[in-house]
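Read the structure below first, then the notes.
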Amino acid sequence: NVLGFVDLDSTLSTDSDGTAYNIVSTVDAVAYNRQFSEELQLIGKLRDDRLQLVTGLYYSDEKYRFSQHGEFFDLIFGGQFQINAFELKNRTLAAYAQGTHRLGDGGWSATLGARYTSEDVRKIQLPEDSIRLVLGPNPPAGYEYDQSRTYNRLSWQVGVQNEVTDSLLLYAVARRAGSTSSATSAL
Numbered sequence: 219n220v221l222g223f224v225d226l227d228s229t230l231s232t233d234s235d236g237t238a239y240n241i242v243s244t245v246d247a248v249a250y251n252r253q254f255s256e257e258l259q260l261i262g263k264l265r266d267d268r269l270q271l272v273t274g275l276y277y278s279d280e281k282y283r284f285s286q287h288g289e290f291f292d293l294i295f296g297g298q299f300q301i302n303a304f305e306l307k308n309r310t311l312a313a314y315a316q317g318t319h320r321l322g323d324g325g326w327s328a329t330l331g332a333r334y335t336s337e338d339v340r341k342i343q344l345p346e347d348s349i350r351l352v353l354g355p356n357p358p359a360g361y362e363y364d365q366s367r368t369y370n371r372l373s374w375q376v377g378v379q380n381e382v383t384d385s386l387l388l389y390a391v392a393r394r395a396g397s398t399s400s401a402t403s404a405l
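Under the working numbering, the first residue of the sequence shown is numbered 219, with each subsequent residue one higher.
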């Protein structure tokens, strides 16, 4: 069992241009991140310890809220003010299993594993966001303030290895893996 919990609040202000003027500056970039994850894992050996198995279930629920107030080109007349405000939500469920079987009495073994992941990703532009304020309550066709997508992926791995000596391991692996860690930027 692996349990995780994150509860993080942060505030940041920067003056990116390094001058006395607000050419490019961020005032109060506020972020809130909350994440809960749980992984149940079962590990065992079978067939006179020749077969090593690991299987498990994984769950993660994450919420990230961000609001950034920026000022640009404030040289004389006040410049421009922009607010970037959004919320990300991500819920992941996964199941996996992998086994390694020792082949004979030498150092040869073979590995086979698979993981199925379902991930719901959502990005919401908050009402105070500058783009939302400019476009109004009804955005143009094809643009949504609330975007979501579900990703379903099967990852697998097949391998063969030979432990020639205690300090030399030769192996060959083929795998297919999918990642949606940057999925929220692709919404």
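Glycine is no exception: its CB is placed at the ideal position from the N, C-alpha and C atoms.
Opposing strand residues paired with A315 [DSSP bridges]: A315 is bridged to T273, A332.
Same chain, Cβ closer than 8 Å to E346, five either side skipped, listed in chain order: Only residues of its own chain outside the window of five on either side were considered, and among them S285, I301, A303 have a CB closer than 8 Å to the CB of E346, listed in chain order.
Close Cβ partners of A407 (< 8 Å) along its chain, the five nearest in sequence each way excluded: What the structure shows of the chain is the stretch from 219 to 405, and residue 407 is not part of that stretch, so it cannot be assessed.
DSSP state of S285 mapped onto helix, strand, coil: Here S285 sits in strand by DSSP.
Distance between Y363 and D235 (C-alpha atoms, nearest Å): Roughly 31 Å between the two C-alpha positions.
Reduced DSSP secondary structure (H/G/I, E/B, other) of R265: In the three-state DSSP reduction, R265 falls in the coil class, being neither helix nor strand.
From I241, L330, Y250, N308, residue whose alpha carbon lies closest to that of G288: Measuring C-alpha to C-alpha distances from G288 to each of I241, L330, Y250, N308 identifies I241 as the nearest.
Alpha-carbon spacing of L351 relative to P358, whole angstroms: Answer to the nearest angstrom: the Cα atoms are 13 Å apart.
For L330 and L275, the rounded distance between their alpha carbons: Between L275 and L330, the C-alpha separation is close to 17 Å.
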